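Below is one structure, written out as structure tokens; comments come after it.
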Amino acid sequence: MFFEKYRKKKDGTIRFYDLHSKKIKILCILILLLCFLMFVISIFPAIWVFLASFKDIKEFRKSETILPSHFDFSVFAKTWKDLGFLKFYINSFISVTGSVVCAVIFNGLLAYGLAILRPKGHKIIMGLVMWSLLIPATTSVVALFVNINRVGLNQSFIPLWLAFGANAFFVIMFKQFFEGLPSELLEAARLDGCGVLRVFQQIVLPLSKPIIAVIMIFAITSSWSDFLLPYLVLDGSGKETVMVRLFAFRTSNATDVEVLRAVAFSMIPPTVLFIIFQKKITEGATMGAIKG
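Put into structure tokens, the structure is as follows:
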């Protein structure tokens with residue numbers, strides 16, 4: 008029954024006619040078991056956090072089982088209210104929204120120039136973009152934080168937005184996609200009198216919905232889980248994001264179980280996003296590496 012699914016399979020390494028060999032069947036089963044094992048290992052921490060969140064502090068410290076004695080969802084509502092988590096969700100939403108807009112517009116414009124306009128020196132710029140991927144992001148944090156303070160943008164969401172507007176990985180993904188757009192259509196738009204920005208706005212962006220969706224998904228997950236820069240910029244401003252607030256719980260009066268519930272709250276948005284758009288995320292993992 009399992010191998011019947013391969014009958015309609017049109018791509019991939021293993022085809023239906025390969026399954027006539029017992030070695031291939033055994034290999035296929037081993038691969039499936041390995042994937043299932045990796046899935047269990049990956050999802051176990053999240054399941055443990057969720058189940059442990061139902062316990063009270065006494066049961067959490069003394070119980071040896073992963074399952075709680077009872078499931079009471081009212082404890083989540085109480086923790087949400089006591090810790091004022093709605094405020095930090097709103098802050099994270101503001102940070103994520105601005106980051107997504109900057110990630111699409113600024114990286115898209117740079118990729119548009121490198122892939123379609125191609126002014127003099129565009130190869131040098133592309134080389135610098137590729138070279139920047141070799142530099143660990145943490146090495147520039149000190150200089151970035153100093154400059155943010157000098158221009159007076161500390162305790163503001165703007166640095167977080169602009170940080171995602173200068174992402175080399177997003178530029179490369181945009182560039183690879185833009186190079187596959189029909190040049191005849193872009194040339195026709197220029198002949199009709201469309202300027203450079205108008206071509207980008209009315210022609211390139213509408214044709215780029217697939218890659219824009221992928222970039223948005225990556226930007227949302229990255230911005231939501233980002234900690235270091237929001238902590239440096241927003242700490243003490245009252246605009247802390249969810250991740251910054253979780254770190255602040257180490258010095259608060261919240262119990263270990265309340266912290267676990269807060270962690271569970273922080274995991275909900277990216278988990279839901281992955282479940283809904285997992286196919287787009289998988290496609291985006293190879294979109295920047297495959298051309299044509």
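In terms of the numbering used here, the sequence shown opens at residue 8 and continues consecutively.
Cβ coordinates follow ideal geometry from the N, Cα and C atoms, glycine included.
For clarity, every value in this text was computed on a predicted model and none was experimentally measured.
**OP:** Give the secondary structure of residue 122 by DSSP, where H, G and I count as helix, E and B as strand, and everything else as coil.
**Re:** Translated into the one-based positions of the sequence shown, residue 122 becomes position 115. Helix at residue 122.
Residue 179 versus residue 211: straight-line alpha-carbon distance, rounded: As a working note, residue 179 is residue 172 in the sequence shown. As a working note, residue 211 is residue 204 in the sequence shown. Distance between the alpha carbons of residue 179 and residue 211: 16 Å.
Margin query: Distance check for residue 42 and residue 120, CA to CA, integer angstroms please.
Written below: Here residue 120 refers to the residue found at position 113 when the sequence shown is read from its first residue. Here residue 42 refers to the residue found at position 35 when the sequence shown is read from its first residue. Distance from the CA atom of residue 120 to the CA atom of residue 42, rounded to whole angstroms, is 41 Å.
Exercise for review: Taking residue 85 as part of the alpha helix (DSSP H), name the residues at either end of that continuous run.
Suggested key: The residue given as residue 85 occupies position 78 in the sequence shown. For residue 85, the uninterrupted alpha helix (DSSP H) segment begins and ends at 81 to 89.
Return the chain-ordered list of same chain residues with a C-beta closer than 7 Å to the C-beta of residue 170, the five sequence neighbours on each side being excluded.
-> Numbered from 1 along the sequence shown, position 163 holds the residue referred to as residue 170. For residue 170, where only same-chain residues beyond five positions count, the Cβ hits under 7 Å are 236.
Just how far apart, CA to CA, sit residue 156 and residue 39? Taking the sequence shown and counting its residues from 1, the one referred to as residue 156 is at position 149. Taking the sequence shown and counting its residues from 1, the one referred to as residue 39 is at position 32. Their Cα atoms are separated by approximately 52 Å.
*asked:* Can you list, in chain order, the residues of its chain with a C-beta nearer than 7 Å to that of residue 253? Leave out the 5 residues immediately preceding and following it.
replied: Stepping through the sequence shown from its first residue, residue 253 is reached at position 246. Only 269, 270 and 273 meet the Cβ criterion.
Can you list, in chain order, the residues of its chain with a C-beta nearer than 8 Å to that of residue 188? Leave out the 5 residues immediately preceding and following it.
Along the sequence shown, read from residue 1 onward, the residue named residue 188 stands at position 181. Cβ neighbours of residue 188 within its own chain (closer than 8 Å, five residues either side excluded): 123, 211, 214 and 215.
**Message:** For residue 244 and residue 105, what's the separation of their Cα atoms in angstroms?
**Reply:** In the sequence shown, counting from the first residue as 1, residue 244 sits at position 237. In the sequence shown, counting from the first residue as 1, residue 105 sits at position 98. Looking at the backbone, the Cα of residue 244 and that of residue 105 are separated by about 18 Å.
What residue from 199, 137 and 74 has the CA that sits closest to residue 182's CA?
-> Along the sequence shown, read from residue 1 onward, the residue named residue 182 stands at position 175. Nearest of 199, 137 and 74 to residue 182, Cα basis: 137.
- Rank 73, 177 and 199 by C-alpha distance to the C-alpha of residue 55 and give the top, closest one. By 1-based counting over the sequence shown, the position of residue 55 is 48. When each option's Cα is compared against that of residue 55, the closest is 73.
ask   = Do three or more CB pairs link the segment 224 to 231 to the segment 97 to 116 at distances below 8 Å?
value = Result yes; three or more Cβ-Cβ pairs closer than 8 Å.
Exercise. Taking the CB atoms as reference points, tell me whether residue 94 and residue 162 lie closer together than 8 Å.
Key: Your numbering for residue 94 matches position 87 in the sequence shown. Your numbering for residue 162 matches position 155 in the sequence shown. With a cutoff of 8 Å on beta-carbon distance, residue 94 and residue 162 are scored as not near each other.
| query | Do residue 113 and residue 172 have their C-beta atoms closer together than 8 Å? | reply | In the sequence shown, the residue the question calls residue 113 occupies position 106. In the sequence shown, the residue the question calls residue 172 occupies position 165. It is a contact, given that the beta carbons lie within the stated cut-off.
- Task: Return the chain-ordered list of same chain residues with a C-beta closer than 7 Å to the C-beta of residue 218, the five sequence neighbours on each side being excluded.
- Result: Counting from 1 along the sequence shown, the entry for residue 218 is found at position 211. Once the five neighbours on either side are set aside, the close Cβ partners of residue 218 are 180, 181, 184 and 294.
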